[in-house]
Amino acid sequence: MGRMLRAFYGRKIALLGLFVIVLLVLSAVFAPLLVTFDPIEMNPAEKLASPNGKHWMGTDNFGRDIFSRVVYGARTSLVGSAGVVLFSLVLGVLIGVSSGYFKRVEPYLMRLIDVLMAFPSLLMALVLVSILGRGMVNVIIAVGITYLTRTTRIVYGLTLKLREEPYIEAAVSSGVKQRWIILRHILPNMMSPIIVQATFTFAFSLLDMASLDFLGLGIPPSVPSWGNMLSEGRMYLTRAPWLLLFPGACIVLTVLSFNLAGDVLRDQLDPHFRRDIEGV
Amino acid sequence: MGTRSAKLLRMLSVSVLCVLMLFSAAWASEDVLRVAVIDEAPSLDQQVITSDLTTMIAIHVFEGLYTFDSKYNPVPMLVKEEEVKDDGKLIVIRLREGVTFHNGKELTADDVYASLSRWSQFGSRGSVLFNNIEKMEQTGKYEITLHFKQAFAPWKNLLAFMNGGPAIYPKEIAEKADKTPIPETGYIGTGPYKFVERSPSRYIRLVRFDEYAARDEASDGYAGKKEANFKEIQFIPVPDDATRVNGIKAGDYDYSERIPGDLYDSLKDDPDLVVTLQKGGSQGFVFFNSKEGILKENFKLRKAILTAVDMDAVLKAAIGPEALWRKNGSIMPEGTPWFSTAGADAYSLGDAEKAKALAKEAGYNGEKITYMATTSYKVHYDSSLVITEQLKKAGFNIDFQIYDWATLVSKRADATQWDMFFTYHGFVPDPVLFTFMSEVYPGWWATPEKKELAAKFASTLDEKERKAIWDQIQELVYTQVPIMKTGDNFIYDVYAPKLEGVKDTALIWPRFWGVHFKK
Amino acid sequence: MFSYLVRRIASMIPSLLLTSIIVFSFIHLIPGDPARVMLGDQATPEQVEYLRESMGLNRPLYIQYFKWLGGILRGDFGSSIFFHQPVLSVIADRAETSVFIALISIVLIILIGIPIGILSAIRYNSFLDQFFSGVSMFFASIPTFWLGLNLMLLFSVILKIFPSSGFPSILKSGNWENLRYLILPCITLAIPNSALIIRLTRSSMLDVSNADYVKTARAKGLSEMRVNIRHIFRNALVAVTSALGFTFIGLVSKTVVTETVFSLPGIGRLIVESILRRDYPTIQGIILIVAFIYMVINLIVDLSYALLDPRIRYS
Chain A
1 MGRMLRAFYG RKIALLGLFV IVLLVLSAVF APLLVTFDPI EMNPAEKLAS
51 PNGKHWMGTD NFGRDIFSRV VYGARTSLVG SAGVVLFSLV LGVLIGVSSG
101 YFKRVEPYLM RLIDVLMAFP SLLMALVLVS ILGRGMVNVI IAVGITYLTR
151 TTRIVYGLTL KLREEPYIEA AVSSGVKQRW IILRHILPNM MSPIIVQATF
201 TFAFSLLDMA SLDFLGLGIP PSVPSWGNML SEGRMYLTRA PWLLLFPGAC
251 IVLTVLSFNL AGDVLRDQLD PHFRRDIEGV
Chain B
1001 MGTRSAKLLR MLSVSVLCVL MLFSAAWASE DVLRVAVIDE APSLDQQVIT
1051 SDLTTMIAIH VFEGLYTFDS KYNPVPMLVK EEEVKDDGKL IVIRLREGVT
1101 FHNGKELTAD DVYASLSRWS QFGSRGSVLF NNIEKMEQTG KYEITLHFKQ
1151 AFAPWKNLLA FMNGGPAIYP KEIAEKADKT PIPETGYIGT GPYKFVERSP
1201 SRYIRLVRFD EYAARDEASD GYAGKKEANF KEIQFIPVPD DATRVNGIKA
1251 GDYDYSERIP GDLYDSLKDD PDLVVTLQKG GSQGFVFFNS KEGILKENFK
1301 LRKAILTAVD MDAVLKAAIG PEALWRKNGS IMPEGTPWFS TAGADAYSLG
1351 DAEKAKALAK EAGYNGEKIT YMATTSYKVH YDSSLVITEQ LKKAGFNIDF
1401 QIYDWATLVS KRADATQWDM FFTYHGFVPD PVLFTFMSEV YPGWWATPEK
1451 KELAAKFAST LDEKERKAIW DQIQELVYTQ VPIMKTGDNF IYDVYAPKLE
1501 GVKDTALIWP RFWGVHFKK
Chain C
2001 MFSYLVRRIA SMIPSLLLTS IIVFSFIHLI PGDPARVMLG DQATPEQVEY
2051 LRESMGLNRP LYIQYFKWLG GILRGDFGSS IFFHQPVLSV IADRAETSVF
2101 IALISIVLII LIGIPIGILS AIRYNSFLDQ FFSGVSMFFA SIPTFWLGLN
2151 LMLLFSVILK IFPSSGFPSI LKSGNWENLR YLILPCITLA IPNSALIIRL
2201 TRSSMLDVSN ADYVKTARAK GLSEMRVNIR HIFRNALVAV TSALGFTFIG
2251 LVSKTVVTET VFSLPGIGRL IVESILRRDY PTIQGIILIV AFIYMVINLI
2301 VDLSYALLDP RIRYS
């Protein structure tokens, strides 16, 4: 871990990315303290105001303060993406390690994962959200399933590789309990690649959620989210570009920062593992 | 990089550039009108399909016996003249002679009989008329006679209204047709354009019907002479609002329908396009559940809800520019003979305090009220957002549920699932056509008072008396509150400046006969 | 090799079966009723009931499933509820757009991705390398619809170089000029997706550039250019090929959005619209076909390993 953090100093631009991530987390956590207005309060009298001293980023077509919405949007995005990461990671590790370690369940689990991989991610999300309805949890599950398949594949591949490491083989032959081997040797050794994968998942799931918002099947429009702001604001492209500029910039910056961070972290990985992350 | 690959790269980029320039040559045929519409039409069989999109395209292909002029009067289209006898109980309709279908066959009473029969059985609005008809018969090659059980005032309006209305097909097609929409091979009408092909997601193509038998009267609304100036019309589904506007500016479409209200102010002064406002207003309605749940027969609670809402805020937020909406408590828009102020002082009070008091009187104790709206249509969602905000402020415990349109339509059919839902109602020329007047439409308003007035309304022939009864019905709408109207909304379309002859239409469907490109 | 091929193809059957079950049960879990959507807002309950009956929607689900499956085995994917046409012909109508988009985009992705990837690897850690990785990452961070809208605004509305939307058929009209309709959508798809290929090419080239056989090649006196192309690039190709299946499935997702923005008559938009219309047979058909294509691509990818990398042999 320490090595990973140190790697950031090597690349200035990635350090900037890290800074953006920290900023994002802070604004998400302290959103209620930062905002100047209620993000969902409408004020028709001041609709479509350009950025000014009162509304730093202007107002939207309902007269809602864009700055406040962007700040709360950070919260939505963070919760959403973090949810996807958590969902895909927990289940992915569970399925991946069991398939890699227990030969008996492997064919069933991996066949299911293979089949799920054949579904285009957005399609899967569309169908799921249509079934479950619009809502944060549903969006997380819908987008998460796609990343679950990728994470599982990676974890599965890593488990297979680790099993053949001499020290683990030694542990197995000396009769150490399987649960102990998994907890003590397999999981800690795949931490770094998993963190890298999590970083990318975070970045791409943010984009996927924005696409769902655009198609009208994402987070409910009553919740301020960058994707919703962008998709609702697209009618004002020429008339009130600030409706798009700020949430758009936030998405690009956030995704870019996570991508940069992931890139740096990946370069630090053992080349032996790196392939697993890149290919999938 | 070696010099060879650099050279290759340069060559490649030059050739790509050349190809791009070649492609960019603008291409648009002068004889083809390209209309960008919001979605794919389910079918052109307007007898059974009430989608506005279907109607808009189908009115170019099919005609009915009657149609509307620009002042909402039903006037003859395929009909030459009619005779009303026996105090309105017997109506003899004589058809124009020499009208031909797209398949070359002449229109006769056979075709009309078969088409009306199919519509009476399976058409969306057929039963509204035919429940009052005892017998229909062919009394001549060009003559149809309708025997009514008792005088039925709105008969001509119902025959003229093409949305879910009686389009006339050739006999062979109408006889074979049942409840399922007529297939594409059966799209044979008498209109100025004939159907050629439909390429899903790409277009529906109509071409000029050269043997079209036009009427002699000047064009007025949907009535009179129809001149087909384009060789071909393409209706192209372009669901994205931004793309429909951009497509006009980029020269890819000539006409784009249904542009979001918020853009009106900026587009109205845009030299690259022309804005056309549809005069017939459509109305936002919140339906209340009269069959099940907390709102059933609790008229006071409904009144409390009505009292809490300020429609100004709703309309402003959902639609935007004031040119596009009118705060109007009359169920029918201003300018129609049905405009009325009866009961309308209860409309748009926006009085949260009074609403709280009324709710308390009604015995309301913060029980959950389920409100459904769709996100498929922006104006539905935006209106509902403001309405529910206001209701929450007035102390109502609103459970705001949003669905896509398909889900909402099936949920609302189940009375146990909801208390209120939001929808839009298109302009109708006669109040009997309002969905809330039907006892089977979700909401199921069927109180004895309503039944009595509705029966009287249908059987009265005198226009003045009918208006007086309508006033009473509207009064009842504001006491029993089966629906809550938000206001009148005027849809607008945009088109390229090179189009000439586009008329603000009386109803809401644009029509392209009489329209042409500037020379 | 042959027996491997047979085994692989045979293993696709249970996968497809599983896919069909998942698809079918998912689709029918979606609330909503196609009959109501079709008939419009004003339809009477009787009308809806009639239509449901005639569409066979009132039968038990498992019977509907087996009927559907039986049809597929005979090459009949059923009829689209919305279009009243066989699902296969509805899909075939849109396939032209999607196939053109997919091919052009993949060619663009390769044309952009591989040269830049090679260049970045050769100039490892130089300014150029950092610049390319920064730029490609930037484009990969833009939401697809946002990129598409901006391209449309710039190239169609302001500059009027390319059409804003739509795509008239090339195959029907024989007019290859219509390809210009696809340029903006393909750019929208290709630019962000190139990032992955750039990265893969770059890192796989770096991985092998220190391998023994490359060192040997250099020692044998082969020019740097030939070493790069003959040995390193060939190896990189293996890595890039392996990502093709993944890129394809990613493209399908992104075309959904791109086709909506540019109003293209393609498969992606058909999916979204069919879901909104609850056109069950069409959604099922498309997903099954997409899954099938994905499996075939993966098979081809695995086979092509053997051609590209002499060390891999399938038995």
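Residue numbers (the working numbering), protein chains in the order written: chain A, 1 to 280; chain B, 1001 to 1519; chain C, 2001 to 2315. Just so you know, even glycine gets a beta-carbon here, dropped at the ideal spot from N, CA and C. Here the structure is a predicted model, which means the values were calculated and not measured.
| query | result |
| --- | --- |
| In three-state DSSP terms, what is S81/A? | helix |
| When the Cα of A1242/B is compared with those of I2289/C, L2307/C, V2238/C and G2148/C, which residue comes out closest? | G2148/C |
| Flag this pair as touching only if the region 55-66 of chain A and the region 89-108 of chain A have three or more C-beta atom pairs under 8 Å; answer yes or no. | no |
| What are the boundary residues of the alpha helix (DSSP H) that F1484/B is part of? | Going by the sequence as given, residue 1484/B is Met instead of Phe. Where M1484/B is concerned, there is no enclosing alpha helix (DSSP H), although the beta strand (DSSP E) it sits in stretches over I1483 to N1489. |
| In the region 37-63 of chain A, which residues sit with their C-beta less than 7 Å from some C-beta in chain B, listed in chain order? | M42, P44, N61 and F62 |
| Which of the three DSSP states, helix, strand or coil, is assigned to P224/A? | coil |
| In whole angstroms, what is the alpha-carbon distance linking L1358/B and E1449/B? | 22 Å |
| Just checking, does the region 80-96 of chain A make contact with the region 1387-1405 of chain B on the three C-beta pairs under 8 Å criterion? | no |
| Give a yes or no on contact between the region 1121-1132 of chain B and the region 1161-1171 of chain B, applying the rule of three or more CB pairs nearer than 8 Å. | yes |
| Thinking C-beta only, is A1352/B closer than 9 Å to A1394/B? | yes |
| Would DSSP call E1475/B helix, strand or coil? | helix |
| When Cβ atoms are compared, which residues of the region 122-135 of chain A fall closer than 8 Å to chain C? | L122, L123, L126, V127, L128, S130 and I131 |
| Please decide whether P1181/B counts as near chain A, where near means a Cβ-Cβ distance under 9 Å. | no |
| Comparing alpha-carbon positions, which option in L2251/C, L2016/C, F2066/C and V2240/C lies nearest I2197/C? | V2240/C |
| Considering only residues of the same chain and omitting the five flanking positions on each side of S1410/B, which have a CB-CB separation below 7 Å? | none |
| Taking just the CA atoms, how far does A1458/B sit from V1084/B? | 17 Å |
| Between the beta-carbon of F1230/B and the beta-carbon of H1425/B, is there less than 9 Å? | no |
| Quick check on W1325/B: does DSSP put it in helix, strand or coil? | strand |
| Between the Cα of L2051/C and those of K1268/B, K1179/B, Y1364/B and G1329/B, spot the shortest distance and give me the residue it belongs to. | K1179/B |
| Where DSSP assigns a beta bridge to N1397/B, which residues make up the other side? | K1368/B |
| For T238/A, which three-state DSSP category applies? | coil |
| Along the region 1183-1199 of chain B, where does the CB come closer than 9 Å to a CB of chain C? Name the residues. | P1183, E1184, R1198 and S1199 |
| If you count every other CB in all the chains shown that lies within 10 Å of the CB of M174/A, and 16 or more means buried, which is it? | The question names Met, but residue 174/A in the sequence shown is Ser. That one is exposed. |
| Tell me the DSSP bridge mates of I1091/B? | V1084/B and L1146/B |
| Under 8 Å Cβ to Cβ from V1274/B, same chain only, skipping five residues before and after it: list those, please. | V1494, Y1495, A1496, P1497, L1499 and V1502 |
| For the alpha helix (DSSP H) holding G2134/C, just list the boundary residues, first then last. | F2127 to A2140 |
| With DSSP as the reference, please indicate the residues paired to D65/A in a beta bridge. | T59/A |
| Check whether the region 2161-2178 of chain C and the region 2084-2101 of chain C touch, using three or more Cβ-Cβ pairs below 8 Å as the test. | yes |
| Closest to L230/A by CA distance: which of I131/A, R69/A and A45/A is it? | R69/A |
| Could one say the Cβ of F2131/C lies closer than 9 Å to chain B's Cβ atoms, at least one of them? | no |
| What does DSSP give as the partner residue(s) for V1494/B in the beta ladder? | S1256/B and V1275/B |
| Cβ of G1281/B within 9 Å of Cβ of D1488/B? | yes |
| Once DSSP output is grouped into helix, strand and coil, what is the label at R1198/B? | strand |
| Figure out for me which residue from Y1072/B, D1419/B, L1461/B and D1110/B has the closest Cα to the Cα of P1154/B. | L1461/B |
| If you follow the beta strand (DSSP E) that T1523/B is in, where does it begin and where does it stop? | Any property of residue 1523/B remains undetermined from this structure, which presents chain B solely from 1001 to 1519. |
| For L1022/B, which of helix, strand or coil comes out of DSSP? | Confidence is the limiting factor: at L1022/B the pLDDT is only 46, short of 50, which leaves the residue's position unreliable, though a coordinate-based value still follows. Three-state result, L1022/B: helix. |
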